[in-house]
Amino acid sequence: MNIGCEVALNQIQNKNFLRGFPPDGRYLIAISGGRDSVALLHWLHQRGYRKLVVCHLNHQLRGRSSDADANFVEKLAAKYDVDLEMGSANVRALAAKQKISIETAAREARYNFFAQVAKQRRTQAIFLGHHADDLVETFLINLFRGSGKTGLGAIREVSKRRIEGDDLTIVRPFLGVWRGEIDRYVGKHRLKFREDASNKNLAPLRNRIRGRIIPYLEKALGRNIRHSIWRAAMIAAEEEHWIEDQLLDATDVDLRAGASSAKGALSVADLRDLPIALQRREILKWLRTRKIMNVGFDVVEDVRLLLGHESRVAKVNLPRDRHVRRRAGKIFIE
229 MNIGCEVALN QIQNKNFLRG FPPDGRYLIA ISGGRDSVAL LHWLHQRGYR KLVVCHLNHQ
289 LRGRSSDADA NFVEKLAAKY DVDLEMGSAN VRALAAKQKI SIETAAREAR YNFFAQVAKQ
349 RRTQAIFLGH HADDLVETFL INLFRGSGKT GLGAIREVSK RRIEGDDLTI VRPFLGVWRG
409 EIDRYVGKHR LKFREDASNK NLAPLRNRIR GRIIPYLEKA LGRNIRHSIW RAAMIAAEEE
469 HWIEDQLLDA TDVDLRAGAS SAKGALSVAD LRDLPIALQR REILKWLRTR KIMNVGFDVV
529 EDVRLLLGHE SRVAKVNLPR DRHVRRRAGK IFIE
């Protein structure tokens, strides 16, 4: 069994995407203290990545346990003799203020923290410990929400996220490694980690997907469905990446130029010239670059319908009391 886990992890080195991040470079690595990130730090360090900057954000959600996580990560960074950046955010207060879920607020707080550290440290790449089971769970969550290919292919081995005008490159080496393989790796190397008790709480949707829905589906179907879903998610991600490249060519340059010159406004006339599929993708990308997150098909379609000559609607409601409006041939957010 241990041999199998080593084979699975060693195969990562043969993938092309990791060759763009040689061991002598400086990179950030997100460390929560859990087994996945601890295993990733050990695995990278074993392969010569010695200029890592460990990043840990205290979400202040679990009282003393959160403080203990931070203390553990501090000692871990010292053990590996790598740099450390610690941050703290009152995620519960952020969620209440912005009227978003705890999970969304935590994710946004983390990425904002990572972006700040990346700018300070003059690096643009961060390693994250997401693995194959995370990919399967995210695929199902987005599927149940009615996401299109953009959502279904949301997690990739290498992707970019624009934060405060800067691009952060996200690298997920373990995306093809299963949770069980990571467990065996941790056991073989006797790695200490922090167990997050909140993972057993079935209130968050992801935990219900992991603990109830996937086991129920596998029992009902009589087979392991994780590998099939993983393949579908990887195919969706690869196709979405290709489509995005095509979108850059297919979208009129004036549309993008207009977006920046008119304080983020989109040209109604330019959008009308695009096929419906590209209209939706362009609108979704535009909303995301303006920090309108967790946008579903209905919102994108409502915005797209503003393009119609006969449309009498000139306003679409967005999360956090924001709105999309159409006026004088432009679509903009207020």
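The opening position of the sequence shown corresponds to residue 229 in our numbering, with each subsequent residue numbered one higher.
From the three backbone atoms N, C-alpha and C, an ideal C-beta is built for every residue, glycine too.
(request) Taking 8 Å as the cut-off, decide whether the C-beta atoms of ASN286 and ALA298 are in contact. (result) Stepping through the sequence shown from its first residue, residue 286 is reached at position 58. Stepping through the sequence shown from its first residue, residue 298 is reached at position 70. Contact: yes.
(message) Would you call the segment 393-401 in contact with the segment 346-362, where contact means no fewer than 3 C-beta pairs closer than 8 Å?
(response) Yes, since at least three Cβ pairs between the segment 393-401 and the segment 346-362 fall closer than 8 Å, the two stretches touch.
(request) Run the CB neighbour count on ARG451, radius 10 Å, all protein chains shown included, and call it buried at 16 or more, exposed below. (result) Locating residue 451 in the sequence shown gives position 223, counting from the first residue. Counting of Cβ neighbours within 10 angstroms places ARG451 among the exposed residues, the total staying below 16.
(message) Looking at ALA464: is its Cβ nearer than 8 Å to the Cβ of GLY557?
(response) Locating residue 464 in the sequence shown gives position 236, where the first residue counts as 1. Locating residue 557 in the sequence shown gives position 329, where the first residue counts as 1. No, Cβ-Cβ distance for ALA464 and GLY557 is not below 8 Å.
(request) Using the DSSP secondary-structure output, state which residues sit across from GLU313 in a beta bridge. (result) The count along the sequence shown starts at 1 and reaches residue 313 at position 85. Per DSSP, CYS283.
(request) Compare the C-alpha of LEU280 against each of VAL345, SER316 and ALA334 and name the closest. (result) Locating residue 280 in the sequence shown gives position 52, counting from the first residue. Out of VAL345, SER316 and ALA334, VAL345 has the C-alpha closest to the C-alpha of LEU280.
(request) Counting only the same chain and skipping the five closest in sequence on each side, list residues whose C-beta sits under 7 Å from that of PHE245. (result) On the sequence shown, position 17 is the one that residue 245 refers to. Around PHE245: GLU385 and VAL386.
(message) Could you check whether LYS347 and ASP311 sit closer than 8 Å to each other, using their CB atoms as the reference points?
(response) Your numbering for residue 311 matches position 83 in the sequence shown. Your numbering for residue 347 matches position 119 in the sequence shown. Taking a C-beta distance under 8 Å as the contact criterion, ASP311 and LYS347 do not qualify as a contact pair.
(message) Helix, strand or coil, according to DSSP, for LYS416 in the structure here?
(response) Residue numbering aside, residue 416 sits at position 188 when the sequence shown is read from its first letter. In the structure shown, LYS416 sits in a helix (DSSP, three-state: H, G or I).
(message) Using the three-state DSSP reduction, which class does THR351 fall into: helix, strand or coil?
(response) Position 123 of the sequence shown holds residue 351. Of the three classes helix, strand and coil, the one that applies to THR351 here is coil, per DSSP.
(request) Could you name the residues that DSSP lists as bridge partners for ALA258? (result) If you number the sequence shown from 1, residue 258 lands on position 30. DSSP lists CYS283 as partners of ALA258.
(message) Quick check on ASN427: does DSSP put it in helix, strand or coil?
(response) Within the sequence shown, numbered from 1, the residue matching residue 427 stands at position 199. DSSP places ASN427 in helix when its eight states are reduced to three.
(request) Could you tell me which residues DSSP pairs with SER387 in its beta bridges? (result) Within the sequence shown, numbered from 1, the residue matching residue 387 stands at position 159. Per DSSP, the beta bridge partners of SER387 are ILE398.
(message) Within a Cβ cutoff of 8 Å, which residues of the same chain sit near ALA461, ignoring the five residues on either side of it in sequence?
(response) Position 233 of the sequence shown holds residue 461. Hits under 8 Å: LEU363, VAL364, THR366, PHE367, LEU380, GLY381 and ILE383.
(request) Return the chain-ordered list of same chain residues with a C-beta closer than 7 Å to the C-beta of SER329, the five sequence neighbours on each side being excluded. (result) By one-based count along the sequence shown, residue 329 stands at place 101. Cβ-Cβ distances below 7 Å link SER329 to ALA323 in the same chain, with the five nearest sequence neighbours on each side left out; the list follows chain order.
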